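Note sheet for the following structure.
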Amino acid sequence: MTDIHPSLEFLYGLTRLGIKASLDNISKLCSLLGNPQDAYRVIHIAGTNGKGTTAAILQSILSESGFKCGLYTSPHLVEFGERIRIDDHKLSDREAVDLIDELRPLFERVESTFFESATAMAFLHFARQKVDIAVIEVGLGGTWDATNIVRPMISVFTPISHDHTERLGYDLRSIASDKAGIIKKGAHVVSSLQQESALEPIERRARDLECPFNYAPEEIEIVGGEAGFRGSVVEIYCRRKPEISGSYRFSLPGRHHWDNIRTALTAVIILQEAGLTIPDAIVKRVIEKVRWEGRLQIIHERPLVYFDVAHNPAAAAVAADFFREQFPGAKIRIVMGIVSDKDVNGVLRNIVPVASDFTCVELPTHRTLEPELLAIEASGMGRPARVIRDRWNALRTVIDESEPDDLILIIGSHYLGDLIRLKYLT
């Protein structure tokens, strides 16, 4: 539609206000809107990696069980409306424009940032559409994130590692302490497998607020499994609810998703114990078919092209492990762009061992690392690297040059997300 561009241009323009370590703006905004975030139950998810996938699993299970379920995630890959979903429906262009235009005077009055404004839009949309429950993903950190005015029934933590260190701190304990700020009195707490220095602050805050703590690896044991390049099968045993034990097929590739499954399942068990009707058969069916774009997603065949949003060392290591396991000895060509404030050296250190060469691109943001600098870093680690600034031209060039059995990995940033459109163009 023609009028979405100026409306979204205004919204995106709010990025000039940066990120504010305060809940004042979002609290003012939502107070002026009647505190819509209090109109429904909330599952709040923080972590470094796996937040979106875990959120998508939970939303899909709740929706399939008959609940009207909102889902708020960030950032988007292609369209703004991906951030705000209800059941299978993302926010339409018309709905996005109407919300922006309606709320613009409040955004200007409060001087809210882009993320604060988008968060208020999501909270209001969910309330107006009368959702039963919403799954809300933290944007950055936890304590001062704009989403942290919700009163969750469950606070979920996916694996925590180093990212946004300039804001959250350089040691894992500091990062986890910030994220633990989403725990509120009265909530249940669920955590994925964590390093001890990340787990301790979460357990401590849960204990201080007298919140039941549920450590997913202790609730659900992974007793076996088989990972494939298009998906996997995982065998689980649930001590708390043995009847859900057994074999689960999962449509997303990579062993790292097994932890996301058991984290989501632990949260589902808590919801069931709280009285929500969630049939076990639906849980299993949803896990077999759930999709979440941008996570080792195949967007082209022969050569196989994977797209992954990995932009920190831990996520890059996960991607490298996947290729190392699934395609030992294969030629893996990398198309990469990354923003300048990421741990570029750390990401490259983990991906270089499986890479044959790099094609470095420019991202559509002022925060992009110049591809020439990225190429220098990659070549300094012993891999051929070149620059093709335009990301679409780069991808088409690498595909045209590659043999059918080669592999291509697009990696480094959500800003490369529009390249997933390739699957619709070929």
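Numbers 2 to 427, taken from the working numbering, label the letters of the sequence shown in order. All C-beta atoms in this analysis are idealised placements derived from N, C-alpha and C, irrespective of residue type, glycine included. Since this is a predicted model, take the numbers as computed values, not measurements.
Nearest by alpha-carbon distance to residue i: which of the options is it?
| i | options | result |
| --- | --- | --- |
| residue 229 | 323, 272, 143 | 323 |
| residue 43 | 326, 15, 264, 187 | 187 |
| residue 248 | 391, 236, 329 | 236 |
| residue 10 | 21, 102, 32, 85 | 102 |
| residue 65 | 174, 274, 280 | 280 |
| residue 36 | 120, 365, 116 | 120 |
| residue 268 | 239, 126, 123 | 239 |
| residue 372 | 127, 353, 392, 242 | 392 |
| residue 122 | 156, 74, 157 | 74 |
| residue 7 | 31, 49, 99 | 99 |
| residue 151 | 162, 351, 160, 136 | 136 |
| residue 338 | 379, 330, 277 | 379 |
| residue 176 | 190, 326, 161 | 161 |
| residue 206 | 156, 233, 172, 220 | 156 |
| residue 196 | 20, 326, 315, 30 | 315 |
| residue 333 | 233, 365, 364, 403 | 403 |
| residue 17 | 203, 116, 291, 287 | 116 |
| residue 173 | 48, 260, 210, 226 | 48 |
| residue 318 | 67, 163, 114 | 163 |
| residue 343 | 38, 415, 209, 21 | 415 |
| residue 227 | 287, 209, 326 | 326 |
| residue 114 | 21, 104, 394 | 21 |
| residue 366 | 275, 390, 286 | 390 |
Out of curiosity, what's the CA-to-CA distance linking residue i and residue j?
| i | j | result |
| --- | --- | --- |
| residue 193 | residue 153 | 18 Å |
| residue 212 | residue 185 | 8 Å |
| residue 72 | residue 131 | 13 Å |
| residue 368 | residue 382 | 23 Å |
| residue 149 | residue 181 | 11 Å |
| residue 129 | residue 90 | 15 Å |
| residue 46 | residue 418 | 22 Å |
| residue 199 | residue 320 | 22 Å |
| residue 349 | residue 15 | 31 Å |
| residue 218 | residue 263 | 7 Å |
| residue 231 | residue 223 | 20 Å |
| residue 309 | residue 410 | 7 Å |
| residue 112 | residue 26 | 8 Å |
| residue 328 | residue 300 | 17 Å |
| residue 408 | residue 420 | 16 Å |
| residue 2 | residue 97 | With a pLDDT of only 41 at residue 2, under 50, the local geometry of the prediction cannot be trusted, and no value is derived from it. |
| residue 353 | residue 347 | 10 Å |
| residue 52 | residue 330 | 31 Å |
| residue 216 | residue 110 | 43 Å |
| residue 4 | residue 356 | Any reading at residue 4 is ruled out, since the residue's pLDDT is 46, under 50, leaving its predicted position unreliable. |
| residue 28 | residue 255 | 39 Å |
| residue 189 | residue 214 | 6 Å |
| residue 225 | residue 364 | 40 Å |
| residue 80 | residue 234 | 32 Å |
| residue 19 | residue 76 | 15 Å |
| residue 250 | residue 41 | 31 Å |
| residue 387 | residue 370 | 14 Å |
| residue 341 | residue 50 | 19 Å |
| residue 39 | residue 209 | 24 Å |
| residue 374 | residue 351 | 18 Å |
| residue 202 | residue 345 | 28 Å |
| residue 278 | residue 67 | 9 Å |
| residue 260 | residue 292 | 16 Å |
| residue 288 | residue 394 | 36 Å |
| residue 105 | residue 183 | 28 Å |
Please say whether residue j and residue i have beta carbons closer to each other than 8 Å?
| i | j | result |
| --- | --- | --- |
| residue 133 | residue 140 | no |
| residue 266 | residue 245 | yes |
| residue 258 | residue 413 | no |
| residue 303 | residue 405 | yes |
| residue 306 | residue 423 | yes |
| residue 1 | residue 94 | The displayed coordinates of the chain run from 2 to 427. Any statement about residue 1 would go beyond what the structure contains. |
| residue 270 | residue 242 | yes |
| residue 63 | residue 70 | yes |
| residue 34 | residue 125 | yes |
| residue 107 | residue 30 | yes |
| residue 12 | residue 118 | yes |
| residue 290 | residue 252 | yes |
From the DSSP output, read off the bridge partner residues of residue i.
| i | result |
| --- | --- |
| residue 86 | 72, 91 |
| residue 337 | 361, 412 |
| residue 225 | 236 |
| residue 369 | 340 |
| residue 247 | 237 |
| residue 386 | 359 |
Pairing CB atoms from the region 168-185 with CB atoms from the region 54-63, are three or more of them under 8 Å? The answer is no - the region 54-63 does not touch the region 168-185, with fewer than three Cβ pairs under 8 Å.
With contact counted as at least three CB pairs below 8 Å, one residue from each stretch, are the region 285-298 and the region 85-99 in contact? Here the region 285-298 does not lie against the region 85-99, with fewer than 3 beta-carbon pairs under 8 Å apart.
I want to know whether the region 391-399 touches the region 356-363 - three or more CB-CB distances under 8 Å. Counting Cβ pairs under 8 Å, three or more are found: they touch.
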